[in-house]
Amino acid sequence: MKITQAILPVAGLGTRFLPWTKAVPKELLPLGNRPIIAYIADECLEAGINDICFVISHGKEAIAEYFFENPTLAKALKKRGKEQLLDSLARYKDLHVHVVYQEEMLGDGHAILQAADWVKSDTVAVLFGDDLFVGDKPGLVQLIKATASIPEKEFALIAVENIPREKTNRYGIVDIEKTMPGHSHLKKVKGLVEKPDPVKAPSTLGIVGRYLIPHSVIKSLPKVKAGKDGEIRLIDALTAKLKTLPIYALECSGSRIDTGTPEGYAKAVQLLGLVS
Ligand code: UTP
87 MKITQAILPV AGLGTRFLPW TKAVPKELLP LGNRPIIAYI ADECLEAGIN DICFVISHGK
147 EAIAEYFFEN PTLAKALKKR GKEQLLDSLA RYKDLHVHVV YQEEMLGDGH AILQAADWVK
207 SDTVAVLFGD DLFVGDKPGL VQLIKATASI PEKEFALIAV ENIPREKTNR YGIVDIEKTM
267 PGHSHLKKVK GLVEKPDPVK APSTLGIVGR YLIPHSVIKS LPKVKAGKDG EIRLIDALTA
327 KLKTLPIYAL ECSGSRIDTG TPEGYAKAVQ LLGLVS
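Following this line, the structure appears as C-alpha cells:
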C-alpha cells in the first residue's frame, strides 16, 4: 500500500517536561545537533511520505519552522564559504510541510480532527512526536510493509509493543482476536482498553505512537464522546468503529523510546546523542 500523507500531532502541553516546556516544545529537544522531531520527519521520508501536517498549538511554531527554508541564513553561510552546512540545511527541501492549529488541547483525537480538511488520501499515517524507534526499521516502515498481509481494502493498523504486565496501566492495550496466518507479529484486534489495571489487561501489547488510519476514522472523530478528563482520543474513535472496520495491530521489532519523559529522553540521548 502506498501512503503519501502523515499527520503529526504535536500540540500537547508536555506537562511531564515542565518547566522546560513552558518555553520550548519538547519536540525540539536535541539529539546530537538535530531536534527529536527531525527523527520523526526522517521516519516519514524513509516510509516514502513527503507530505506532512503538523498539528501545533500557539507558541509551538518553531517545530514547523525547523523544516522551512531560511534564505537569509543560507545567504550568510554561502558568503562565509560554509557549503557543507548549506547541504545539511537542504535535507528537507522535498518535504511538504503544512501546519494547522489546535486551539484547545482536547486530546490526540481532537488534534487529528484539526487536520481533517488537509487529508486527501484514503489512508493516512499518524505519528506521535514522542515515540522514537531505534535499532531496526522505523515503526512506520514496518506498518506499511505489513499492509501487504492484510486482506481487506479498508482497515486501521496500530503499532504495538510487548510491555511488562505491571506497566499496562500506562498504555492503551489491544485485545487480540487472532494472529494472522504466516505473520506471527500481525494480530487482528477485537478490543482496545485504555490504561487497564495489570490484572485486568487483556494482553501485554501496548499501543505506541504510530498508526495507519482510514479517512472514515477521521470523519467519525466529531461524534466521539470525550473521556472523563474531557479528552477526545483516537483510541475511542477506533473502539467505536470495531464492529464495522477491521483493526489490526503490528508488534514492531526494535526498541522504542518514549522521549516525552525526562528518563526516556536521557535514554535517547545515550543512544542517538552523537552529532549526525
Ligand atoms: P501525550 O499524551 O504524550 O501528551 O500526547 P503531551 O501533552 O505531549 O505530554 P504530557 O502527557 O502532558 O507530558 C501524545 C501526542 O499527542 C499530542 C502530543 O503533542 C503528543 O505528540 N497531543 C496530545 C496533541 O497534539 N493535542 C492534545 O490535545 C493532546
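To get the numbering used here, take the position in the sequence shown, counting from 1, and add 86. Glycine included, each C-beta is placed from N, C-alpha and C at the ideal position. Bear in mind that the values here come from a model prediction, so they are computed numbers and not experimental data.
Next on the checklist: Which same chain residues end up closer than 6 Å to A312 when comparing Cβ atoms and leaving out the 5 residues on each side of it in sequence?
Outcome noted: Here the set comprises I318.
Checklist entry - Hey, would you say the C-beta of R102 is under 7 Å away from at least one heavy atom of the ligand UTP? => result yes
Next on the checklist: Looking at the secondary structure, which residues open and close the alpha helix (DSSP H) in which E155 lies?
Outcome noted: It is not in any alpha helix (DSSP H) - E155 carries neither H nor E in the DSSP assignment.
Checklist entry - What's the C-alpha gap between I149 and F219? => result 20 Å
Checklist entry - Which residues in the same chain as L172 place their Cβ atom closer than 8 Å to its Cβ, once the five residues preceding and following it in sequence are excluded? => result A160, L163 and K164
Checklist entry - Roughly how many angstroms separate the alpha carbons of V186 and L213, rounded to a whole number? => result 15 Å
Checklist entry - Hey, how far is the Cα of R166 from the Cα of D128? => result A straight-line Cα-Cα distance of about 28 Å links R166 and D128.
Checklist entry - Between A124 and the ligand UTP, is the CB less than 7 Å from at least one heavy atom? => result Result no, Cβ not under 7 Å from the ligand UTP.
Checklist entry - What's the C-alpha gap between E132 and I230? => result 11 Å
Item to check | Secondary structure, alpha helix (DSSP H): runs of 4+ residues fully inside the region 112-153 | outcome: Correct list: 122-132 and 148-151.
Item to check | Residues bridged to D344 (per DSSP) | outcome: Looking at the DSSP assignment, D344 forms a beta bridge with D217.
Checklist entry - Who pairs with K264 in a beta bridge, going by DSSP? => result K274
Item to check | Among L192, P332 and W204, the one whose alpha carbon lies nearest that of K314 | outcome: L192
Checklist entry - Which runs of the alpha helix (DSSP H), 4 residues or longer, sit entirely within the region 170-243? => result 194-199 and 225-232
Item to check | Separation of Q188 from A197, as counted between CA atoms | outcome: 6 Å
Checklist entry - If we ignore side chains and look at the alpha-carbon of each, how far apart do K112 and K179 end up? => result 24 Å
Item to check | Strand pairing of T296, partner residues [DSSP] | outcome: For clarity, residue 296 is Arg in the given sequence; the question names Thr instead. BP columns for R296 point to L213.
Item to check | One or two residues paired with N248 in a DSSP bridge | outcome: Its beta-bridge partners are L291.
Checklist entry - Can you find a heavy atom of the ligand UTP that lies under 7 Å from the Cβ of F219? => result no
Checklist entry - How many Å lie between D137 and D208 at the Cα? => result 14 Å
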